[in-house]
DNA sequence: GCGGCGG
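Residue numbers (this note's numbering): 2 to 270.
Printed below as a string of structure tokens:
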């Protein structure tokens, strides 16, 4: 509801069948987001996607396009439902079919707002609608990365996932197809956030966890050190909660195999 | 000249 103050960075429209989709990449002090609205003559509905989610939307559309191709057209309607958790929101992707054709329903559920939904028709001869939609997302991703480097990173940590959009460096912490791990690794500028380092061992291996930051934002570096070699993964803090859930998932799934061993050899440096 | 079963 905060009208006006948000800057529009990119505006695109897609007309498909009798719907008109608006894509507005906008920015406000909390970060960037993509507003996607679907407009028909009587109806307008909107979902708000945090910048970091655009790449996932692109991938999901791609997924539905390719898996629909791979699958026979006609026949039983496939319903691969997926859900995408971004910050405080959950987006649900569902394919459906009725007499009008196949469609992809994307709905956003967030606290304190009623669920909003956009529905993207697949098209009559394949998945042209989804394809066109994906292409727009692609263009927006490119524009966001190339021409629109955010000015200055805002101060403050953004691992508070309850707070809404992450600040400042949003567009650059996207775990996109070309995540530049090297760039992160070689610009350490470490420890301006505190002494938060931990080490753990598993079997013969040692793993270091280090919070760090560079001009692109804050991150957690997890390194496996073997002799002179160190290999790391660099996790933007915006992904930390999701990472945690991932680990939790696998802990759960492998529970019976690792019972009694957890936590035995973790210590703080 | 459309239309999407959830509440």
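Beta carbons are placed, not taken as given, at the ideal position from N, Cα and C, and that holds for glycine. In this text the structure is predicted, and so the values were computed from the model without any measurement.
With DSSP run on the structure shown, which of helix, strand or coil describes residue i?
i: residue 257; result: helix
i: residue 60; result: helix
i: residue 133; result: helix
i: residue 230; result: strand
i: residue 41; result: coil
i: residue 239; result: helix
i: residue 123; result: coil
i: residue 250; result: helix
i: residue 46; result: strand
i: residue 6; result: coil
Looking only at its own chain, which residues have a Cβ that is under 7 angstroms from the Cβ of residue i, when we skip the five neighbours before and after it?
i: residue 111; result: 89 and 90
i: residue 244; result: 236
i: residue 152; result: With a pLDDT of 46 at residue 152, under the threshold of 50, the modelled position of that residue is not reliable, and the figure given next carries that caveat. Closer than 7 angstroms at Cβ, skipping near neighbours: no residue.
Note down the Cα distance separating residue i from residue j, rounded to an integer number of angstroms.
i: residue 232; j: residue 226; result: 7 angstroms
i: residue 211; j: residue 40; result: 47 angstroms
i: residue 27; j: residue 134; result: 18 angstroms
i: residue 11; j: residue 24; result: 8 angstroms
i: residue 246; j: residue 102; result: 36 angstroms
i: residue 203; j: residue 240; result: 24 angstroms
i: residue 144; j: residue 62; result: 19 angstroms
i: residue 119; j: residue 95; result: 11 angstroms
i: residue 22; j: residue 138; result: 12 angstroms
i: residue 303; j: residue 249; result: Residue coverage of the chain in this structure runs from 2 to 270, which leaves residue 303 outside it and unanswerable.
i: residue 85; j: residue 37; result: 16 angstroms
i: residue 155; j: residue 99; result: Note that residue 155 has pLDDT 38, beneath the 50 cutoff, so the model's placement of it is unreliable and the number below is only indicative. Cα-Cα distance, rounded: 47 angstroms.
Which partner residues does residue i have in the DSSP bridge list?
i: residue 29; result: 32
i: residue 99; result: 102
i: residue 94; result: 83 and 107
i: residue 15; result: 22
i: residue 114; result: 111
i: residue 244; result: Bridge partners of residue 244: none, in fact.
Can you name, in chain order, every residue of its own chain whose Cβ lies under 6 angstroms from the Cβ of residue i, other than the five neighbours on each side?
i: residue 73; result: Note that residue 73 scores a pLDDT of 49, beneath 50, so its modelled location is shaky and nothing firm can be said.
i: residue 209; result: 200 and 224
i: residue 15; result: 22, 133 and 137
Among residues of its own chain, excluding the 5 on either side of residue i, which ones have a beta-carbon nearer than 8 angstroms to its beta-carbon?
i: residue 18; result: 122, 124 and 130
i: residue 66; result: 128, 131, 132 and 135
State yes or no: is the C-beta of residue i nearer than 7 angstroms to some heavy atom of the ligand SAH?
i: residue 128; result: Of the ligands one can find in the structure shown there are none, so the ligand SAH has no counterpart to examine.
For the region 45 to 56 against the region 91 to 111, are there 3 or more C-beta pairs whose distance is under 8 angstroms?
-> With the cut-off at 8 angstroms, the region 45 to 56 and the region 91 to 111 touch.
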